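S.K.:
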Amino acid sequence: MAVAGALFASGLAGQPVQACAREALHTAWTSQRVLNAVAVADNGRMFVSFPYWGGGGGGPSVAEVDAQGVPHAFPDARWNHVDGTKDDLQPFVRVNALRIGPDGLLWVVDSGDANVGGPPNPMGGAPARLLAFDITTGQPVHVISLRASSTQHSYIDDIRFHNDTIFVTDAGDPALIVVNQRTGQQRRVLAHDRSTTDERPMYAEGRLLTTGGHPARVHADQLEVSPDGSKLYFQPSSGPLWVAPTAALENPDLPAQDLARTVRLFYNTPTTGGTAIDGDGNLYVSDVNRLRILRLTPQGKVSTLVRDKRLVWADAMWIDSHGTLWIPAVQLNRTASFQPDGKSRLRLPVAIYTMDLHLRPVR
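Residue numbers for the sequence shown, in the UniProt record's numbering: 1 to 363.
#1: By a C-beta neighbour count over all protein chains shown, 10 Å radius and 16 as the cutoff for buried, is G138 buried or exposed?
#2: Answer with buried or exposed for T335, where buried requires no fewer than 16 other C-beta atoms within 10 angstroms of its C-beta.
#3: Counting Cβ pairs, one atom from each stretch, are 3 or more of them under 8 Å apart for the segment 146-166 and the segment 71-90?
#4: Measure the C-alpha to C-alpha separation of R99 and A37 and round it to an integer number of angstroms.
#5: Pull up the CB-CB distance for D320 and V40, whole angstroms please, since I reckon it's below 8 Å.
#6: Which of the three DSSP states is assigned to R160 in this structure?
#7: Within 10 angstroms of the Cβ of E64, are there 16 or more other Cβ atoms? Answer buried if so, exposed if not.
#8: Consult DSSP for Y52 and reduce its assignment to one of helix, strand or coil.
#9: Taking the beta strand (DSSP E) that R99 belongs to, which residues open and close that run?
#10: Do D110 and A128 have their C-beta atoms closer together than 9 Å?
#11: Between the alpha carbons of V218 and N115, how many angstroms are there, rounded?
#12: Tell me the DSSP secondary structure of R360 in three-state form.
#13: Name, in chain order, the residues that DSSP records as bridge partners for K86.
#14: Tell me which residue opens and which closes the beta strand (DSSP E) that D42 is part of.
#15: Quick check: what's the CA-CA separation for L223 versus V263?
#16: Using the three-state DSSP reduction, which class does S337 fall into: helix, strand or coil?
#17: To the nearest angstrom, how far is it from the Cα of F338 to the Cα of T211?
#18: Span of the alpha helix (DSSP H) holding residue 396?
#19: Provide the residue(s) that pair with K231 in DSSP beta bridges, ordered along the chain.
#20: With a floor of 3 residues, list each beta strand (DSSP E) that falls wholly inside the segment 166-232, ordered by position along the chain.
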């Protein structure tokens, strides 16, 4: 049975759950561990990632969820268990994002030894990496170290694609990283620009988000490429949302000040956990303060797609080949790292919801 066509929940027993057809949100899967991303292949195979900050331990960083709702380490147990290896093919260190690329590969963002709001990255520590796996064989196809384009304060966050270009956000040391797959060239652009820098407080469920007793700061975080490939939308997690021409971002000869002048404000988004974009160029943006998903048209017109008390920190969303919107509601703001007293407010399980919107997926 194809995962994309089924509604199920795993919990501890992996028992199917029936969803009411009249509900806007359908429960697709639940987990006793905090996850932060979902990706569904055209053949229905479903992949999820579990971040280190989620707590709960005792499981893989990347998993495939089978038709019975049971997660299995992907690509295998070795990649999901630290074994002392220190080369570019070492097991996952701190996975922060995953995504099925236009090439059909499962791309994994491993932030290495960096951590959100933590001390500077150790010299000689595990660098951030981009890893791409063949989902049929489980073999790594691309392993790209980002040591050359990272700084001591970097936290490599998320990834999108345009032809031979990979766009990556740095949420720790504000910047975009532009990687040319063909040449291997890596460049930091818009470093400490207002478009990549978190300059305002973050709020979730009506509360100021703090870490270590200070207001949380998550710099360049969400990003989406327009369906025609001409624009990159991006923002710090606090908002607002900016847009720039991909041609300018991909031009290594364009001076930094000229590149900055091509960036324009697109929409004053609220604190955001995750985004998605459909084949018509509509953006889907989570509002983690008011527990809703906004839809932004390419012209910048906004409407509320859904508002639901279950959407606690809706994170990296996904639109599958059937036009279904997948929404992980991961409760990041309730984890111990973001509590003034350091005590978790999580209410397990966390869930992935779906909405059968018949959207046009990006091809």
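C-beta: ideal position from N, C-alpha, C; glycine also.
Because the structure is a prediction, the values reported are computed rather than measured.
M.R.: Quick look at the numbers:
#1: For the purposes of this step, residue 138 is taken as residue 138 along the sequence shown, with counting starting at 1. The residue is exposed, with fewer than 16 neighbouring Cβ atoms inside 10 Å.
#2: Position 335 of the sequence shown, counted from the start, is the residue given in the question as residue 335. That one is buried.
#3: no
#4: On the sequence shown, residue 99 is found 99 positions in, with the first residue counted as 1. On the sequence shown, residue 37 is found 37 positions in, with the first residue counted as 1. Each residue's Cα considered, the two are about 8 Å apart.
#5: Taking the sequence shown and counting its residues from 1, the one referred to as residue 320 is at position 320. Taking the sequence shown and counting its residues from 1, the one referred to as residue 40 is at position 40. Indeed they touch by this definition, with Cβ atoms about 4 Å apart.
#6: Position 160 of the sequence shown, counted from the first residue, corresponds to residue 160. If DSSP states are grouped into helix, strand and coil, R160 belongs with the strands.
#7: As a working note, residue 64 is residue 64 in the sequence shown. With 16 or more other Cβ atoms within 10 Å, it is buried.
#8: Indexing the sequence shown from 1 puts residue 52 at position 52. Three-state result, Y52: helix.
#9: Here residue 99 refers to the residue found at position 99 of the sequence shown. That run of the beta strand (DSSP E) goes 95-100.
#10: Counted from its first residue, the sequence shown places residue 110 at position 110. Counted from its first residue, the sequence shown places residue 128 at position 128. Yes, these two residues count as a Cβ contact at 9 Å.
#11: Mapped onto the sequence shown, residue 218 falls at position 218. Mapped onto the sequence shown, residue 115 falls at position 115. V218 and N115: Cα-Cα distance of roughly 11 Å.
#12: As a working mapping, residue 360 is identified with position 360 in the sequence shown. Coil.
#13: Locating residue 86 in the sequence shown gives position 86, counting from the first residue. Answer is none; K86 lacks a bridge partner.
#14: In the sequence shown, residue 42 corresponds to position 42, counting from 1. D42 -> no beta strand (DSSP E), and no H or E assigned at all.
#15: As a first step, residue 223 is located in the sequence shown; it is residue number 223 there, counting from the start. As a first step, residue 263 is located in the sequence shown; it is residue number 263 there, counting from the start. Taking the straight line from one Cα to the other gives about 14 Å.
#16: Position 337 of the sequence shown, counted from the first residue, corresponds to residue 337. Correct three-state label for S337: helix.
#17: Within the sequence shown, numbered from 1, the residue matching residue 338 stands at position 338. Within the sequence shown, numbered from 1, the residue matching residue 211 stands at position 211. In a straight line, the C-alpha of F338 is about 5 Å away from that of T211.
#18: The requested residue 396 is not part of the displayed model; the chain covers only 1 to 363.
#19: Along the sequence shown, one-based indexing puts residue 231 at 231. Paired residues: P245.
#20: 175-180, 186-189, 220-225
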